[in-house]
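Per UniProt numbering, residue 1 is the first one in the sequence shown, and the count goes up by one each step. Here a beta-carbon is modelled for each residue, glycine too, at the ideal position from N, C-alpha and C. Reading through the structure tokens given below for one structure.
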Amino acid sequence: MQIIPAIDLKEGCAVRLKQGLMESAKIYAKEPTELAKHFETLGAEYLHIVDLNGAFAGTPKNRAVIEKICKNSKLKIEVGGGIREEETIKAYLDLGISRVILGSIALKNPNFALEMAEKYPIVIGIDAKDNKIATEGWAKGADTLAWEFAELFKGSKVQAIICTDIAHDGMLDGINLEFTKKIQDKSQIFTIASGGLSCQEDFEALREAEIGGVIVGKAFYEGKIDLQKAFEKFQ
Numbered sequence: 001m002q003i004i005p006a007i008d009l010k011e012g013c014a015v016r017l018k019q020g021l022m023e024s025a026k027i028y029a030k031e032p033t034e035l036a037k038h039f040e041t042l043g044a045e046y047l048h049i050v051d052l053n054g055a056f057a058g059t060p061k062n063r064a065v066i067e068k069i070c071k072n073s074k075l076k077i078e079v080g081g082g083i084r085e086e087e088t089i090k091a092y093l094d095l096g097i098s099r100v101i102l103g104s105i106a107l108k109n110p111n112f113a114l115e116m117a118e119k120y121p122i123v124i125g126i127d128a129k130d131n132k133i134a135t136e137g138w139a140k141g142a143d144t145l146a147w148e149f150a151e152l153f154k155g156s157k158v159q160a161i162i163c164t165d166i167a168h169d170g171m172l173d174g175i176n177l178e179f180t181k182k183i184q185d186k187s188q189i190f191t192i193a194s195g196g197l198s199c200q201e202d203f204e205a206l207r208e209a210e211i212g213g214v215i216v217g218k219a220f221y222e223g224k225i226d227l228q229k230a231f232e233k234f235q
């Protein structure tokens, strides 16, 4: 199972939100590069970075920080937030990013996402409120059911789907396994759970459900889990 610690960037700082609300941001590190190095020391192989300002603006806003993290880390890094164009995808990959996350643009233009997946290492971000897709930094909703959207990518070259139940994000109340499993079953693509991880037992439940990976955020920052032990046991 891929255990992927997360760094969410707001104005250059590592923060965590509750249910995607920018006004709920709590700063955990003013120097994200050091945080990435710490994850590497603990045993991480992967790192999940979201440019929160970029997600709301529709264009990358924390590129300089992301570039610094990339240059000072051996981690396999995936990046999302405000990526809407092929040139942005190429620019991130040129920095040494391992894979690029497409969210809002994938919903607006699934064919673009499928085309990009033919050429580049692409991950689809599926974020949902009440099982329906949310976009633009989760500020806007759509009528599309998350698992119906996921099914569009079945048989494609998309490398993974990251699915987030927004109601659980940053709440430390447990992963929505049913939601995650449904996304995985419908898409038949490697699926990474996100939102709500709260304790070591959640890793056990994810492995039992045969989920491909999990994003770790607030549970680490608030000291609810031993990340090093999780890497040793489950990764």
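C-beta atoms of residue i and residue j nearer than 8 Å
{"i": "residue 195", "j": "residue 161", "result": "no"}
{"i": "residue 47", "j": "residue 36", "result": "yes"}
{"i": "residue 206", "j": "residue 225", "result": "no"}
{"i": "residue 3", "j": "residue 230", "result": "yes"}
{"i": "residue 66", "j": "residue 83", "result": "no"}
{"i": "residue 170", "j": "residue 68", "result": "no"}
{"i": "residue 97", "j": "residue 123", "result": "no"}
{"i": "residue 186", "j": "residue 151", "result": "yes"}
{"i": "residue 192", "j": "residue 214", "result": "yes"}
Integer-rounded CB distance, given that residue j should sit under 8 Å from residue i
{"i": "residue 5", "j": "residue 216", "result": "5 Å"}
{"i": "residue 146", "j": "residue 132", "result": "7 Å"}
Span of the alpha helix (DSSP H), counted from its first residue to its last, around residue i
{"i": "residue 164", "result": "Residue 164 -> not in any alpha helix (DSSP H); beta strand (DSSP E) instead, spanning 160-165."}
{"i": "residue 207", "result": "200-208"}
{"i": "residue 41", "result": "32-42"}
{"i": "residue 63", "result": "63-71"}
Start-to-end residues for the beta strand (DSSP E) that takes in residue i
{"i": "residue 194", "result": "191-194"}
{"i": "residue 28", "result": "21-29"}
{"i": "residue 127", "result": "122-129"}
{"i": "residue 54", "result": "Where residue 54 is concerned, there is no enclosing beta strand (DSSP E), although the alpha helix (DSSP H) it sits in stretches over 52-57."}
Outcome for residue i when other beta-carbon atoms lying within 10 angstroms are tallied against a minimum of 16
{"i": "residue 41", "result": "exposed"}
{"i": "residue 163", "result": "buried"}
{"i": "residue 139", "result": "Low per-residue confidence applies at residue 139: pLDDT is 49, beneath 50, and the placement is therefore not dependable enough to give any value."}
{"i": "residue 184", "result": "buried"}
{"i": "residue 55", "result": "buried"}
**Message:** Does the stretch 180-197 come into contact with the stretch 10-17, if we say contact requires no fewer than three beta-carbon pairs (one atom in each stretch) closer than 8 Å?
**Reply:** no
**Prompt:** Is it a yes or a no for the stretch 75-83 touching the stretch 108-115, going by three-plus beta-carbon pairs under 8 Å?
**Reply:** no
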